[in-house]
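First comes the structure, then the notes that go with it.
Protein chains: 2
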Amino acid sequence: IIDISRIEKLYDLGKAVTVRALDGVDLKIYNNDYVAIMGPSGSGKSTLMNMLGCLDTPTFGQYFFEGEDVAEMDDNELAFIRNQKIGFVFQSFNLLARASTLRNVELPLVYAGIPKWERQEKAQVACEKVGLGDRISHKPNELSGGQRQRVAIARALVNEPSIILADEPTGNLDSKTGEEIMALFDELHSQGNTIILVTHEENIANHAHRFIRLMDGKIESDEVNPNR
Amino acid sequence: IIDISRIEKLYDLGKAVTVRALDGVDLKIYNNDYVAIMGPSGSGKSTLMNMLGCLDTPTFGQYFFEGEDVAEMDDNELAFIRNQKIGFVFQSFNLLARASTLRNVELPLVYAGIPKWERQEKAQVACEKVGLGDRISHKPNELSGGQRQRVAIARALVNEPSIILADEPTGNLDSKTGEEIMALFDELHSQGNTIILVTHEENIANHAHRFIRLMDGKIESDEVNPNR
Ligand SMILES: Nc1ncnc2c1ncn2[C@@H]1O[C@H](COP(=O)(O)OP(=O)(O)OP(=O)(O)O)[C@@H](O)[C@H]1O
Ligand SMILES: Nc1ncnc2c1ncn2[C@@H]1O[C@H](COP(=O)(O)OP(=O)(O)OP(=O)(O)O)[C@@H](O)[C@H]1O
Ligand SMILES: [Mg+2]
Ligand SMILES: [Mg+2]
């Protein structure tokens, strides 16, 4: 369902310095894949995730999403993909500072045109699934780091997307809460959805079926999870 | 050197709901301690760290820092503690968005009145120690999550404080980079400094000599690291 070839993302910093965040990436993701992307800090994982989520465009290379060239899509098609087909959990959460938890989680449903009573109900359910049922009126600065991370996760899942891209979803969570979130992802995977997560923790990665390792903007290895 | 007793931090959210972020904490930290604070998401770890770092005041209870009551200190004394005695690594980094890495790291030296050439040199050294020597002119949005985390770490260390408070310092780092940062903390500890870190990862916690576990705003256990 995702086919990217020869993807490069270059940042030109003047003075003849170019940062090669992605330096030639070929990757195919299939329906119902469960992928863990790993690699050193700065190796290009978030940049790759932003490409896959249609949130950023490559400097070179091609991206076919469900058989169609993303570079040829208009704004409406792209918005539909980002809002309804893909659920994205950002490494730095990207929550609205002045909105409550419930409002933050309900935002994708607003863009999807869901009526008010229905979206508040769906947002409430999503909050309960990540253990934040008693935090729905808190704003982000009234939440702990791990609670903010869970708001970002609930928001990504509320539109029931079939592809979930999660960038370090358990980075701020203790082991028990982290495993509760992973149980949620496992369940979504068993329902037929596609899960791609970036993580640096081996026991979190172990839930996935396929390991992709990045190094200096390139894919170093792409293999079946040896522990399954 | 740090003596807190019966510390409570309560948030009043109206409608007769009170969040008890810290619910009666007694704690003594000694010179050259190496402490790992652990506990579930939302259990009060960051709130406790903010108390210890004199960045927030308790609702009830007392805090003696090096024998003096923090509640009796004036703004100058508190500023001196926060800027020179304690180095604080925030869970959400708190970097200046419009400033470069070097400028962000050099900030505590500006407040300490260090002259320009000397602080740029010290900031450069601090950046190299966390592996960011080639990222000094990047702004935060031009850095990866783990790189931003390392800017926050370099900034906390640049004034050579004797007490380091680090809230999830390796949450966004792969294992290898995380161990490089822990080697840095181990070295600082061996030089006589006091290290207090919040972490949810067992192998990171294992560098510490003393484990404190929080649960629902209270200390559940406080023991020597059984693995040492
Ligand atoms: N300004 C606030 N108003 C209301 N509640 C708050 C506020 N700040 C924090 N809290 C609550 O206090 C509790 C403790 O928060 P804290 O940030 O200390 O947790 P933590 O242990 O650091 O969690 P994490 O591991 O997720 O970072 C949380 O349940 C949080 O919702
Ligand atoms: N706007 C930008 N300008 C210049 N360089 C950038 C920019 N954005 C990212 N980079 C660089 O691209 C590289 C890859 O960044 P990316 O965020 O993808 O890394 P990552 O693998 O997610 O790292 P981490 O594990 O630390 O989150 C980094 O070295 C970073 O400094
Ligand atoms: Mg990243
Ligand atoms: Mg915290």
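Here the protein sequences line up with chains A and B, keeping their order. Once you know that position 65 of the first sequence is 65 in our numbering, the rest is easy, because the numbers rise by one and skip nothing. Once you know that position 17 of the second sequence is 1017 in our numbering, the rest is easy, because the numbers rise by one and skip nothing. No residue lacks a Cβ here, since even glycine has one placed at the ideal position from N, Cα and C. What you are looking at is a predicted structure, and each value in this text was computed from that prediction instead of being measured.
Between Leu-197 of chain A and Phe-1065 of chain B, what straight-line distance do the alpha-carbon atoms span, to the nearest angstrom?
As a position in the first sequence, residue 197 of chain A is number 197, starting the count at 1. As a position in the second sequence, residue 1065 of chain B is number 65, starting the count at 1. Distance between the alpha carbons of Leu-197 of chain A and Phe-1065 of chain B is about 43 Å.
How big is the Cα-Cα spacing for Asp-1134 of chain B and Ala-1126 of chain B?
The count along the second sequence starts at 1 and reaches residue 1134 of chain B at position 134. The count along the second sequence starts at 1 and reaches residue 1126 of chain B at position 126. Looking at the two C-alpha atoms, the distance is approximately 12 Å.
Keeping to the same chain, check which residues put their C-beta closer than 6 Å to that of Phe-1060 of chain B; ignore five residues upstream and five downstream.
The residue you call residue 1060 of chain B lines up with position 60 of the second sequence. Non-local beta-carbon contacts of Phe-1060 of chain B in its own chain, meaning distances under 6 Å to residues more than five positions away in sequence, involve Glu-1008 in chain order.
My guess is that Leu-165 of chain A and Ile-86 of chain A are in contact by the Cβ rule of under 8 Å, so how many angstroms apart are they, rounded?
Locating residue 165 of chain A in the first sequence gives position 165, where the first residue counts as 1. Locating residue 86 of chain A in the first sequence gives position 86, where the first residue counts as 1. Right, the Cβ-Cβ distance comes to about 6 Å (below 8 Å), so this counts as a contact.
Nearest-angstrom Cα distance between Val-1110 of chain B and Lys-1139 of chain B?
For this step, residue 1110 of chain B is matched to residue 110 along the second sequence. For this step, residue 1139 of chain B is matched to residue 139 along the second sequence. Between Val-1110 of chain B and Lys-1139 of chain B, the C-alpha separation is close to 18 Å.
Give me, in chain order, the residues of the same chain whose beta-carbon lies closer than 6 Å to that of Asp-1056 of chain B; leave out the 5 immediate sequence neighbours on both sides.
Along the second sequence, one-based indexing puts residue 1056 of chain B at 56. For Asp-1056 of chain B, the CB contacts under 6 Å within the same chain, skipping 5 residues up- and downstream, are Asn-1050 in chain order.
Would you give the residue range spanned by the beta strand (DSSP E) that Gln-1149 of chain B belongs to?
Position 149 of the second sequence, counting from 1, holds the residue named residue 1149 of chain B. In the DSSP annotation of this structure, Gln-1149 of chain B is not part of any beta strand (DSSP E); the continuous alpha helix (DSSP H) holding it starts and ends at 1145 to 1157.
Assuming Ile-1114 of chain B is part of the beta strand (DSSP E), what are its boundary residues?
Residue mapping note: residue 1114 of chain B aligns to position 114 of the second sequence, counting from 1. Ile-1114 of chain B -> no beta strand (DSSP E), and no H or E assigned at all.
Whole-angstrom distance between Leu-214 of chain A and Asn-193 of chain A, CA atom to CA atom:
Here residue 193 of chain A refers to the residue found at position 193 when the first sequence is read from its first residue. Here residue 214 of chain A refers to the residue found at position 214 when the first sequence is read from its first residue. Whole-angstrom Cα-Cα distance: 24 Å.
What is the rounded straight-line gap between the Cα of Glu-1187 of chain B and the Cα of Glu-1118 of chain B?
Within the second sequence, the letter at position 187 stands for residue 1187 of chain B. Within the second sequence, the letter at position 118 stands for residue 1118 of chain B. For Glu-1187 of chain B and Glu-1118 of chain B, the distance between alpha carbons rounds to 23 Å.
If you measure from the CB of Gly-1044 of chain B, is any heavy atom of ligand 1 nearer than 6 Å?
Within the second sequence, residue 1044 of chain B is the residue found at index 44, counting from 1. In this structure, Gly-1044 of chain B has its CB closer than 6 Å to one or more heavy atoms of ligand 1.
Are three or more beta carbon pairs between the segment 1095 to 1105 of chain B and the segment 1173 to 1181 of chain B nearer than 8 Å?
In short, these stretches do not touch, since the Cβ pair count stays below three.
Measuring alpha carbon to alpha carbon, tell me which residue in B:Phe-1211, B:Asn-1227 and B:Ala-1016 is nearest Ser-979 of chain B.
Here chain B comprises residues numbered 1001 to 1228, so residue 979 of chain B is not present and cannot be evaluated.
Please name the residue, chosen from A:Lys-28, A:Val-151, A:Asn-83 and A:Asn-206, that lies closest to Glu-128 of chain A on a Cα-to-Cα basis.
One-based indexing of the first sequence puts residue 128 of chain A at position 128. Glu-128 of chain A has its Cα closest to that of A:Val-151, out of A:Lys-28, A:Val-151, A:Asn-83 and A:Asn-206.
Which value, in whole angstroms, describes the spacing of the CA atoms of Ile-230 of chain A and Asn-83 of chain A?
Lying before the first or after the last residue shown, residue 230 of chain A is absent from chain A, which here runs from 1 to 228.
Compute the minimum distance between the beta carbon of Gln-84 of chain A and the heavy atoms of ligand 3, and state whether it is under 6 Å.
Within the first sequence, residue 84 of chain A is the residue found at index 84, counting from 1. Incorrect: Gln-84 of chain A has no Cβ contact closer than 6 Å to ligand 3.
Can you find a CB in chain B that lies within less than 7 Å of the CB of Pro-40 of chain A?
On the first sequence, position 40 is the one that residue 40 of chain A refers to. With its beta carbon less than 7 Å from one in chain B, Pro-40 of chain A belongs to the interface.
Just to confirm, is the Cβ distance from Asn-88 of chain A to Arg-148 of chain A under 7 Å?
Translated into positions along the first sequence, residue 88 of chain A becomes position 88. Translated into positions along the first sequence, residue 148 of chain A becomes position 148. This sequence places Phe at residue 88 of chain A; Asn is not what is there. No; because the gap between Cβ atoms is not below 7 Å, this pair is not in contact.
Any heavy atom of ligand 2 closer than 6 Å to the beta-carbon of Gly-1145 of chain B?
The sequence position of residue 1145 of chain B within the second sequence is 145, counting from 1. Correct: Gly-1145 of chain B has its Cβ closer than 6 Å to ligand 2.
So, is Ala-1097 of chain B buried or exposed, given that buried needs 16 or more other C-beta atoms within 10 angstroms?
Counting from 1 along the second sequence, the entry for residue 1097 of chain B is found at position 97. Exposed: under 16 other Cβ atoms inside 10 Å.
Cα-Cα separation between Leu-1173 of chain B and Val-158 of chain A, rounded to whole angstroms:
As a working note, residue 1173 of chain B is residue 173 in the second sequence. As a working note, residue 158 of chain A is residue 158 in the first sequence. Approximately 28 Å between the Cα atoms of the pair.
Between the beta-carbon of Tyr-63 of chain A and the beta-carbon of Ile-195 of chain A, is there less than 7 Å?
Numbered from its first residue, the first sequence carries residue 63 of chain A at position 63. Numbered from its first residue, the first sequence carries residue 195 of chain A at position 195. Against a cut-off of 7 Å, the Cβ pair of Ile-195 of chain A and Tyr-63 of chain A comes out as no contact.
Do you know offhand how far Met-1073 of chain B's Cα is from Glu-1168 of chain B's?
Against the second sequence, residue 1073 of chain B aligns to sequence position 73. Against the second sequence, residue 1168 of chain B aligns to sequence position 168. Roughly 29 Å between the two C-alpha positions.
Against His-1189 of chain B, what residues of chain A qualify as contacts under a CB-to-CB distance less than 8 Å, listed in chain order?
Within the second sequence, numbered from 1, the residue matching residue 1189 of chain B stands at position 189. Within 8 Å Cβ-Cβ: nothing; His-1189 of chain B doesn't reach chain A, min ~23 Å.
Mind reading off the beta-carbon distance from Lys-45 of chain A to Ile-37 of chain A? Whole number of angstroms is fine, and I expect it under 8 Å.
Against the first sequence, residue 45 of chain A aligns to sequence position 45. Against the first sequence, residue 37 of chain A aligns to sequence position 37. Contact holds; Cβ gap of about 5 Å.
Distance between Asp-1003 of chain B and Gly-1024 of chain B (C-alpha atoms, nearest Å)
Position 24 of the second sequence holds residue 1024 of chain B. Position 3 of the second sequence holds residue 1003 of chain B. If you take the alpha carbons of Gly-1024 of chain B and Asp-1003 of chain B, they lie about 13 Å apart.
Could you check whether the Cβ of Ser-1100 of chain B sits closer than 6 Å to any heavy atom belonging to ligand 2?
What you label residue 1100 of chain B is simply residue 100 of the second sequence in a count that begins at 1. Every heavy atom of ligand 2 is 6 Å or more from the Cβ of Ser-1100 of chain B, so no.
Start and end of the alpha helix (DSSP H) containing Glu-1202 of chain B?
Residue mapping note: residue 1202 of chain B aligns to position 202 of the second sequence, counting from 1. Note, Glu-1202 of chain B: alpha helix (DSSP H), 1202 to 1205.
In terms of residues, what are the limits of the beta strand (DSSP E) holding Ser-221 of chain A?
Counted from its first residue, the first sequence places residue 221 of chain A at position 221. Looking at the DSSP string, the run of the beta strand (DSSP E) that includes Ser-221 of chain A is 218 to 224.
With a threshold of 8 Å on Cβ separation, who are the neighbours of Ala-71 of chain A within its own chain once the five nearest residues in sequence on each side are excluded?
In the first sequence, the residue the question calls residue 71 of chain A occupies position 71. Once the five neighbours on either side are set aside, the close Cβ partners of Ala-71 of chain A are Thr-57, Gln-62 and Tyr-63.
When you check each C-beta in the segment 1164 to 1180 of chain B against every C-beta of chain A, which residues fall closer than 7 Å?
Cβ contacts with chain A: Glu-1168, Gly-1171, Asn-1172, Leu-1173, Asp-1174, Ser-1175, Lys-1176 and Thr-1177.
My assumption, with CB atoms under 8 Å, is that His-209 of chain A sits in contact with Asn-225 of chain A. Please give the rounded CB distance.
Position 209 of the first sequence, counted from the start, is the residue given in the question as residue 209 of chain A. Position 225 of the first sequence, counted from the start, is the residue given in the question as residue 225 of chain A. About 5 Å separates the beta carbons of His-209 of chain A and Asn-225 of chain A, which is inside the 8 Å limit, making them a contact pair.
Compute the minimum distance between the beta carbon of Gln-1091 of chain B and the heavy atoms of ligand 6, and state whether it is under 6 Å.
This structure simply doesn't include ligand 6; it includes ligand 1, ligand 2, ligand 3 and ligand 4 instead.
Cβ-heavy atom distance, Glu-1202 of chain B to ligand 1, below 6 Å
On the second sequence, position 202 is the one that residue 1202 of chain B refers to. Checking the Cβ of Glu-1202 of chain B against ligand 1 gives no.
For the segment 62 to 94 of chain A, which residues have a beta carbon sitting closer than 8 Å to at least one beta carbon of chain B?
Within the segment 62 to 94 of chain A, the residues whose Cβ lies closer than 8 Å to some Cβ of chain B are Gln-91 and Ser-92, listed in chain order.
Quickly, what does DSSP pair Thr-1194 of chain B with across the bridge? List them, please.
By 1-based counting over the second sequence, the position of residue 1194 of chain B is 194. Bridge partners of Thr-1194 of chain B: B:Ile-1163.
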